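Asks: I have a structure I would like to understand better, so I am pasting it below and will then ask my questions one at a time.
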Amino acid sequence: MNYGETFFWVITPYVTLVVLIGGLLWRYRYDKFGWTTRSSQLYESRLLRIASPLFHYGLVFVIAGHVIGLFIPASWTEAIGLSDHAYHLLARVFGGLAGLAVLAGLALLIYRRRHYGPVFRATTVNDKVMYVALALAVVAGLAATLSGAEYRDSVSPWFRSVFVFRPDAEAMAEATVFFKLHVIAGMVMVGLFPFTRLVHALSAPVGYLFRPYIVYRSRLRQNQSL
Amino acid sequence: MSPRVMAQLAMVMNLDKCIGCHTCSVTCKQTWTNRAGVEYAWFNNVETRPGQGYPRGHEDQDRWRGGWEVDAKGRLRLRAGGRVRKLLGIFANPLMPSIQDYYEPWTYDYENLTRAPLGDDVPVAPPRSLISGEPMAIRWSANWDDNLGGDPSEDPILRKVGDQVKLEFEQAFMFYLPRICEHCLNPSCVASCPSGALYKREEDGIVLVDQDRCRGWRMCVTGCPYKKIYFNHRTGKAEKCTFCYPRIEVGLPTVCSETCVGRLRYLGVMLYDADRVGEVASIADDKELYEAQLSLFVDPDDPAVAASGLPDDWIEAARRSPVHDLIMRYRIALPLHPEYRTLPMVWYVPPLSPVVDALAGSGYDGEDADNLFAAVEALRIPVEYLAELFTAGDPVPVTAALRRLAAMRSYMRAVNLGEEPELPHSGLSAEDIHDMYRLLALARYDERYVIPTAYSNTPGAVEEIGCSLDYDGGPGMAGPFGEGSGRPVPVSIESFHGLKQRQTGEETTRDRVNLLNWDGRGKPAGLFPPKKGEAS
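As given, the protein sequences belong to chains A and B, one line each in that order. At position 142 of the first sequence the residue is numbered 142 (UniProt numbering), and the sequence of numbers has no breaks. At position 24 of the second sequence the residue is numbered 24 (UniProt numbering), and the sequence of numbers has no breaks.
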């Protein structure tokens with residue numbers, strides 16, 4: 001294992017995590033006002049109505065797939081009678097479909113941003129950088145999934161090892177180049193996350209399902225709570 | 001059961017006096033929406049009726065699905081769908097109006113006036129879109145059909161009234177309808193907000209958007225049937241009429257009221273039974289909603305009010321409330337679109353002038369009570385139109401209100417001419433008519449705007465006990481010299497005068513900058529931790 005591998009699989013993940021957590025704390029404390037989807041639907045709705053749900057719903061499945069793939073060891077799925085072959089077939093089919101939906105949605109969204117004058121005008125440098133990182137991560141991830149390469153002996157153990165502070169860079173070094181590129185692009189994206197509009201993902205309004213419809217707030221308490 | 005009394009600041013506009021000058025709209029815009037991102041937003045706008053309104057055709061709820069409806073089982077639900085449906089559709093709101101439904105804001109390329117090469121023609125300043133920056137043809141705006149300048153046949157209300165409306169020039173009637181946020185008792189925008197950023201203030205019922213909690217899901221824009229919530233496309237947050245709460249809190253009327261040249265706006269407190277809001281909003285028959293909402297209001301002299309714990313000056317203000325008189329005592333003010341079931345709190349005195357004008361135009365005495373009464377009945381079109389606006393299509397309350405206005409008109413003419421006044425049948429006593437005349441015609445500033453200021457005396461508030469600036473490092477903790485010396489001034493007094501000064505002073509508040517809009521130059525206030533020794 002060389003210094004490059006150590007840098008990418010030992011140092012970078014912790015830098016990313018520090019930037020992510022620190023960035024989110026700063027953003028929440030000092031820029032609640034900027035914590036928004038910053039929707040461009042007001043300018044253009046027709047394309048968005050297809051592209052945005054395609055991208056976002058695809059992403060929900062992609063994230064679910066990541067949780068299963070990264071956190072559940074191969075021995076567990078085997079224990080419930082799912083053979084390695086069957087697991088990978090499922091992962092490739094569903095992961096591939098979800099990934100394609102995300103890619104198609106993203107492509108449409110980027111086309112929409114570039115093509116519609118008002119939407120493009122509202123696109124900041126911040127957005128452009130974010131789109132590049134996002135697109136790289138999605139393309140590399142989709143390529144890695146469709147390549148069918150094994151990752152539960154390489155990427156997943158490394159991912160879990162990072163969180164117990166014993167980073168297993170050697171496991172990651174075993175992964176294919178698509179996975180390595182995907183992981184690097186992913187870390188860049190996670191590092192950018194707190195400073196872009198992506199933060200709106202953390203505001204998924206689940207609480208709406210459980211609160212009464214009408215919200216009352218006292219003028220005094222509202223001053224104190226902020 | 002005794003009612004749970006809450007207070008609501010409400011407005012009544014006397015449409016007979018509106019001359020459609022747009023002063024309210026312009027001063028409101030200068031105060032609240034003269035910023036990038038809300039160029040297209042008019043918290044206050046004045047519509048000519050019949051007309052499409054702003055945004056175009058916003059009253060067509062079959063299309064926009066704003067407000068509430070009662071389902072087959074009699075339950076109240078959001079017309080655009082409940083919580084689950086809202087969340088499933090969160091990635092692209094299918095019912096959101098586009099900027100074209102409002103209008104594409106523009107400016108003019110004034111530079112062309114001085115830069116144009118010498119030629120035979122006088123140079124002009126061509127319009128440029130504020131959305132795309134491109135040259136554009138101006139095709140629509142917030143008051144495009146001013147004075148029936150557009151095509152009123154697109155008016156959703158007119159379509160409801162039916163085919164008898166020919167819109168011939170001789171039969172045309174029109175009036176102006178200034179619109180602001182209704183600050184509803186049962187606000188569907190608040191109910192639609194997934195983030196819980198929209199809220200109704202307990203003290204005064206003003207509906208506000210918490211800019212720090214709004215995440216830009218845009219469901220409130222859809223939820224409001226009056227389309228009075230606007231999406232700031234620069235900040236990505238919802239904005240709306242604030243009822244000028246910083247002014248109201250120090251006893252000043254809203255900017256639209258203050259600057260109204262016709263003095264047609266009235267501000268005051270209404271007390272209502274908060275426990276019955278849901279029950280009233282769920283009444284099956286649309287036409288009963290107006291009466292039902294009246295039944296929600298609590299008389300300030302009701303013993304339940306004294307027991308409610310409301311501050312004394314709020315109860316006193318409710319007793320003197322001009323809005324209460326117009327709504328409850330004279331019953332000439334009506335709610336705008338009660339059929340949306342949001343229980344709106346900006347009410348309107350319907351205009352008698354289309355009727356008077358029609359009478360006078362046909363050679364009759366437009367001030368005579370019998371003539372007016374007959375005309376109110378005969379001129380079906382204006383009455384039906386007003387009924388679609390104010391009483392879900394029931395002409396009876398509209399006719400009654402117009403009859404009272406007509407009665408006042410003829411009675412007071414007799415008084416002014418020294419004749420023996422005859423009291424027409426309208427349900428009003430001579431004393432009522434005199435008081436109503438005074439309120440509608442002569443009332444001074446402090447009679448039109450009865451606004452309690454004692455927010456700090458709200459039960460449960462302990463602002464006076466100790467000093468809220470006494471936190472560590474706050475100005476109250478400074479040493480015995482300089483600003484912190486001397487006896488501490490009670491905070492409520494200080495902030496009251498401080499606020500009043502700020503509201504009446506020249507200084508304008510600075511815009512907030514968020515990360516997404518920061519151009520990297522300078523250091524926007526609040527975006528970074530304050531340096532040591534710098535006030536946060």
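Backbone N, C-alpha and C fix where the C-beta goes; we use that ideal spot for every residue, glycine too. Note that the structure is a prediction, hence the values are computed from the model and not measured.
Which chain A residues sit within Cβ distance under 7 angstroms of A92 of chain B?
Replies: By one-based count along the second sequence, residue 92 of chain B stands at place 92. In chain order: Q41, L48, R49, S52, P53.
Asks: Are V415 of chain B and L15 of chain B close, meaning C-beta to C-beta below 8 angstroms?
Replies: Position 415 of the second sequence, counted from the start, is the residue given in the question as residue 415 of chain B. Position 15 of the second sequence, counted from the start, is the residue given in the question as residue 15 of chain B. No; because the gap between Cβ atoms is not below 8 angstroms, this pair is not in contact.
Asks: Can you give me the Cβ contacts of S25 of chain B inside the same chain, cut-off strictly under 6 angstroms, excluding the 5 residues immediately before and after it?
Replies: The sequence position of residue 25 of chain B within the second sequence is 25, counting from 1. So the list reads W42, N44, N45, V46, once near-sequence residues are dropped.
Asks: Helix or strand or just coil, what does DSSP make of K32 of chain A?
Replies: Position 32 of the first sequence holds residue 32 of chain A. It is helical.
Asks: If you reduce the DSSP assignment to three classes, tell me which class K128 of chain A lands in.
Replies: Counting from one through the first sequence, the residue named residue 128 of chain A turns up at place 128. Reduced to three states, the DSSP call for K128 of chain A is helix.
Asks: Among B:L334, B:R115, B:D204, B:P382, which has the Cα closest to the Cα of Y245 of chain B?
Replies: Position 245 of the second sequence holds residue 245 of chain B. Checked all of B:L334, B:R115, B:D204, B:P382; the closest Cα to Y245 of chain B is B:D204.
Asks: Quick check on A525 of chain B: does DSSP put it in helix, strand or coil?
Replies: Position 525 of the second sequence, counting from 1, holds the residue named residue 525 of chain B. DSSP places A525 of chain B in coil when its eight states are reduced to three.
Asks: Considering only the beta carbon of each residue, do P225 of chain B and H324 of chain B sit closer than 8 angstroms?
Replies: Your numbering for residue 225 of chain B matches position 225 in the second sequence. Your numbering for residue 324 of chain B matches position 324 in the second sequence. No; because the gap between Cβ atoms is not below 8 angstroms, this pair is not in contact.
Asks: Going along the chain, which unbroken runs of the alpha helix (DSSP H) with 4 or more residues stay wholly within the UniProt domain "4Fe-4S ferredoxin-type" (172 to 203) of chain B?
Replies: Runs of the alpha helix (DSSP H) inside the UniProt domain "4Fe-4S ferredoxin-type" (172 to 203) of chain B: 188 to 192.
Asks: Check whether the Cβ of D312 of chain B sits closer than 7 angstroms to any heavy atom of the ligand COA, and report yes or no.
Replies: Looking for the ligand COA in the displayed structure turns up nothing, as the structure carries no ligands at all.
Asks: Over what stretch of residues does the alpha helix (DSSP H) that includes N112 of chain B continue unbroken?
Replies: Translated into positions along the second sequence, residue 112 of chain B becomes position 112. That run of the alpha helix (DSSP H) goes 111 to 115.
Asks: I need the boundaries of the alpha helix (DSSP H) containing P410 of chain B, first residue and last residue.
Replies: Translated into positions along the second sequence, residue 410 of chain B becomes position 410. The sequence given here places Ser at residue 410 of chain B; Pro does not occur at that position. Element bounds for S410 of chain B: 395 to 416.
Asks: Per DSSP, Q61 of chain B forms a beta bridge with which residues?
Replies: One-based indexing of the second sequence puts residue 61 of chain B at position 61. BP columns for Q61 of chain B are empty, so no partner.
Asks: Taking the alpha helix (DSSP H) that A10 of chain B belongs to, which residues open and close that run?
Replies: Indexing the second sequence from 1 puts residue 10 of chain B at position 10. Per DSSP, A10 of chain B belongs to no alpha helix (DSSP H); it is in the beta strand (DSSP E), 5 to 14.
Asks: Excluding the 5 residues flanking I110 of chain A on each side, which residues of the same chain have their C-beta closer than 8 angstroms to its C-beta?
Replies: In the first sequence, residue 110 of chain A corresponds to position 110, counting from 1. Y131, A135, listed in sequence order.
Asks: Does the structure place the segment 198 to 208 of chain A close enough to the segment 190 to 199 of chain B that three or more beta carbon pairs sit under 8 angstroms?
Replies: Cβ pair count under 8 angstroms is three or more, so yes.
Asks: Chain A partners of K237 of chain B, CB-CB under 8 angstroms?
Replies: Taking the first residue of the second sequence as 1, we reach residue 237 of chain B at position 237. Ordered by position in chain A, the residues that pass the 8 angstroms Cβ test against K237 of chain B are F33, T36.
Asks: Report the residues of the segment 97 to 125 of chain A with a CB closer than 8 angstroms to any CB of chain B, ordered along the chain.
Replies: Residues passing the 8 angstroms Cβ filter: G117, P118, R121, A122, T124.
Asks: Is D273 of chain B helix, strand or coil when you go by DSSP?
Replies: Position 273 of the second sequence, counting from 1, holds the residue named residue 273 of chain B. DSSP places D273 of chain B in strand when its eight states are reduced to three.
Asks: Where does P382 of chain B sit, in a helix, a strand or coil, going by DSSP?
Replies: Working through the second sequence from its first residue, we reach residue 382 of chain B at position 382. Reduced to three states, the DSSP call for P382 of chain B is helix.
Asks: Check the DSSP bridge columns for R217 of chain A and list the partner residues they point to.
Replies: The residue labelled residue 217 of chain A in the question sits at position 217 within the first sequence. B:R201, per the DSSP bridge assignment.
Asks: For P152 of chain B, which three-state DSSP category applies?
Replies: As a first step, residue 152 of chain B must be located in the second sequence, where it is residue number 152. It is helical.
Asks: Taking Cβ to Cβ, would you say L78 of chain B is nearer than 8 angstroms to G251 of chain B?
Replies: One-based indexing of the second sequence puts residue 78 of chain B at position 78. One-based indexing of the second sequence puts residue 251 of chain B at position 251. No, the pair does not count as a contact, with Cβ atoms beyond the cut-off.
Asks: Terminal residues of the continuous beta strand (DSSP E) containing I229 of chain B?
Replies: As a first step, residue 229 of chain B must be located in the second sequence, where it is residue number 229. 229 to 232 is the span of the beta strand (DSSP E), which, as asked, contains I229 of chain B.
Asks: Which chain A residues sit within Cβ distance under 8 angstroms of A191 of chain B?
Replies: The count along the second sequence starts at 1 and reaches residue 191 of chain B at position 191. Residues of chain A passing the Cβ test: Y213, I214.
Asks: So what's S129 of chain B in DSSP terms, helix, strand or just coil?
Replies: The count along the second sequence starts at 1 and reaches residue 129 of chain B at position 129. Strand.
Asks: Taking the straight line between their C-alpha atoms, what separation do you get for S161 of chain A and V67 of chain A?
Replies: Within the first sequence, the letter at position 161 stands for residue 161 of chain A. Within the first sequence, the letter at position 67 stands for residue 67 of chain A. Roughly 15 angstroms separates the two Cα atoms.
Asks: Any contact between the segment 20 to 38 of chain B and the segment 108 to 127 of chain B? By contact I mean 3 or more CB pairs, one from each, below 8 angstroms.
Replies: Segments in contact, no.
Asks: Quick one: grab the DSSP three-state call for L95 of chain B.
Replies: In the second sequence, residue 95 of chain B corresponds to position 95, counting from 1. Reduced to three states, the DSSP call for L95 of chain B is coil.
Asks: Output yes or no for whether 8 angstroms exceeds the beta carbon distance between T145 of chain A and G105 of chain A.
Replies: For the purposes of this step, residue 145 of chain A is taken as residue 145 along the first sequence, with counting starting at 1. For the purposes of this step, residue 105 of chain A is taken as residue 105 along the first sequence, with counting starting at 1. No, these two residues do not count as a Cβ contact at 8 angstroms.
Asks: Taking the beta strand (DSSP E) that L88 of chain B belongs to, which residues open and close that run?
Replies: In the second sequence, counting from the first residue as 1, residue 88 of chain B sits at position 88. Looking at the DSSP string, L88 of chain B is not in any beta strand (DSSP E); the run it does join, the alpha helix (DSSP H), is 83 to 88.
Asks: Counting contacts by CB-CB distance shorter than 8 angstroms, is L209 of chain A in contact with chain B?
Replies: In the first sequence, the residue the question calls residue 209 of chain A occupies position 209. With 8 angstroms as the cut-off, L209 of chain A counts as an interface residue toward chain B.
Asks: Just tell me which of B:G37, B:K200, B:R404 has its CA closest to the CA of E238 of chain B.
Replies: The residue labelled residue 238 of chain B in the question sits at position 238 within the second sequence. Looking at the sequence shown, residue 238 of chain B is not Glu but Ala. Comparing Cα-Cα distances from A238 of chain B to each of B:G37, B:K200, B:R404, the minimum goes to B:G37.
Asks: Could you work out which residues of chain A lie near Q61 of chain B, taking near to mean beta carbons separated by less than 9 angstroms?
Replies: The residue you call residue 61 of chain B lines up with position 61 of the second sequence. In chain order: nothing, as chain A lies at least about 18 angstroms away.
Asks: Would you say N45 of chain B lies against chain A (beta-carbon separation less than 8 angstroms)?
Replies: Here the question's residue 45 of chain B lines up with position 45 in the second sequence. No - not a single Cβ of chain A is within 8 angstroms of the one on N45 of chain B.
Asks: CA-CA distance, E202 of chain B and L310 of chain B?
Replies: Looking up residue 202 of chain B in the second sequence gives position 202. Looking up residue 310 of chain B in the second sequence gives position 310. Distance between the alpha carbons of E202 of chain B and L310 of chain B is about 11 angstroms.
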